[in-house]
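As structure tokens, the structure follows; a few thoughts come after it.
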Amino acid sequence: MTHKIAILGASGYTGAELIRLIATHPSMEITALSADRKAGMQMGDVFPHLRHLSLPKLVKIDEIDFTHVDLVFCALPHATSQAVIKKLPSKIKVVDLSADFRLRDLAEYEKWYGKPHSAPELQGEAVYGLTEFYRDDISAARLVAGTGCNAATGQFALRPLIAAGIIDLDEIIIDLKTGVSGAGRSLKENLLHAELSEGAHAYAVGGAHRHLAEFDQEFSAVAGRPVKVQFTPHLLPANRGIVATVYVKGDPKVIHKTLADAYKNEPFIVMLPFGEHPSTRHVRGSNFCHVGVVGDRIAGRTIVIAALDNLTKGSSGQALQNANLMLGEDETAGLMLAPVFP
């Protein structure tokens, strides 16, 4: 069976990444692509690396006939997604790549995103899209909310440890570095080459980053009590990739075994041998997340490092992984591409 797919917001980085992945999918066909400013253009003109593909022309959302669409990937900005998704036919399955349905508490959404949620009636049915931990719920869902890319990386390093109760929940530090594509494709002065290259800097320091809301929500739910982590992201002069260095109190060998046991049957989570640590260059362009554990020189302290590609496992790859489950397909379909190296 071939599933008819629409991608809304296809002229952004995550939209282009979805197209790249779906191009190798055995049972998905892209039948509609939307854009705002670039409506009327061919995808090959917007993204020349996709010129070899036969794709529909970019159109405005209200020009799309959703009659025969099975699933929509919504790669639109925050707040815009809510307004669009609530107008879609209820029979259509939706994977939203924005932050609009990630937070279960509507008051928390308003706190972190600065405005009331405009589709509260849909929030109750949305499933959080961290595939490895919500697989059964995602399989039965109509609406799945993709996670933040930083939030996913930190959770892969920590969720099994919190669930097992083997680390100090009040002493968790996440030091994270991310590539610039995580900021999207819109023109921004601070992302110009001359402003960004040959340097790195922290941002949203002291608890201002919106992905903290996801950490608070998910870690507290796993622990059964409030959990707040220290989290500082840094912007790197690199196109892709996230590496999170996580500092915890706990026995390093026990931590490594706990993570290895948790991920032993996961197709996309690769545990490295004890003492080895990952690099973004080894996951680039893939749906894999590499996790390593190293003991600190201070007894009882451990360093857990996770690396993934923010556009793939952190966003569009995760979205496709979820869509596969929602449509009853093999979870790995279209996603087993090896990382690009060097």
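The sequence shown runs contiguously to residue 342 in UniProt numbering. Cβ coordinates follow ideal geometry from the N, Cα and C atoms, glycine included. Source: prediction; values computed, not measured.
Whether residue i touches residue j by CB criterion (8 Å)
i           : j      : result
Leu325      : Arg135 : yes
Ile172      : Val229 : yes
Asn150      : His211 : yes
Ile30       : Ile64  : no
Leu71       : Lys93  : yes
Thr131      : Gln318 : yes
Gly179      : Asn239 : yes
Ser181      : Leu97  : no
residue 349 : Tyr247 : Nothing can be reported for residue 349: it is not among the residues displayed for the chain, which extend from 1 to 342.
Arg102      : Gly148 : yes
Leu169      : Val227 : yes
Buried versus exposed call for residue i [16 or more other C-beta atoms within 10 Å across all chains shown]
i      : result
Glu110 : exposed
Met1   : exposed
Leu192 : exposed
Tyr128 : buried
Gly206 : exposed
Gly334 : buried
Asp309 : buried
For residue i, the nearest candidate out of the options (CA to CA)
i      : options                        : result
Ser286 : Ala145, Pro267, Ile303         : Pro267
Leu8   : Met41, Leu76, Ser54            : Leu76
Phe288 : Gly206, Val127, Phe156         : Phe156
Phe341 : Arg159, Arg281, Arg301         : Arg281
His78  : Lys115, Gly40, Ile61           : Lys115
Gly165 : Leu259, His3, Gly328, Gly334   : Leu259
Ala299 : Lys253, Gln82, Leu18, Ala306   : Lys253
Leu21  : Ser316, Ala213, Thr67, Val304  : Ser316
His290 : Thr153, Asp36, Phe133          : Thr153
Ser279 : Pro339, Glu329, Gly199, Lys38  : Pro339
Ala200 : Lys177, Gly44, Lys257, Leu337  : Lys177
Ile174 : Arg159, Ile19, Gln82           : Arg159
Ala140 : Asn322, Met336, Ser11, Thr332  : Asn322
Gly295 : Leu308, Phe274, Ala306         : Phe274
His277 : Arg284, Ala307, Ala213, Ala119 : Ala307
Trp112 : Leu18, Ala204, Ala183          : Ala204
Ser34  : Ala23, Ile19, His25, Met28     : Ile19
Sheet register partners of residue i (DSSP bridge)
i      : result
Phe231 : Ile174
His52  : His52 is not bridged to any residue.
Thr302 : Val248, Gly295
Ala32  : Ala6
Ala145 : Asp96, Tyr128
Ala307 : Val243, His290
Val59  : Ser34
Met271 : Val291
Val72  : Ala6, Val94
Chain D within 8 Å of residue i, Cβ atoms only
i     : result
Ala99 : In the structure shown, chain D does not exist; there is a single protein chain.
CB-CB length for residue i against residue j, believed under 8 Å
i      : j      : result
Ile255 : Val293 : 6 Å
Lys249 : Arg297 : Actually they do not touch by this definition, with Cβ atoms about 14 Å apart.
Ala32  : Pro48  : The pair is not a contact, with the Cβ atoms about 21 Å apart (cut-off 8 Å).
Pro237 : Ser197 : 5 Å
heavy atom of the ligand SAH below 7 Å from residue i C-beta
i      : result
Leu161 : The model on display carries no ligand, and the ligand SAH is accordingly not part of it.
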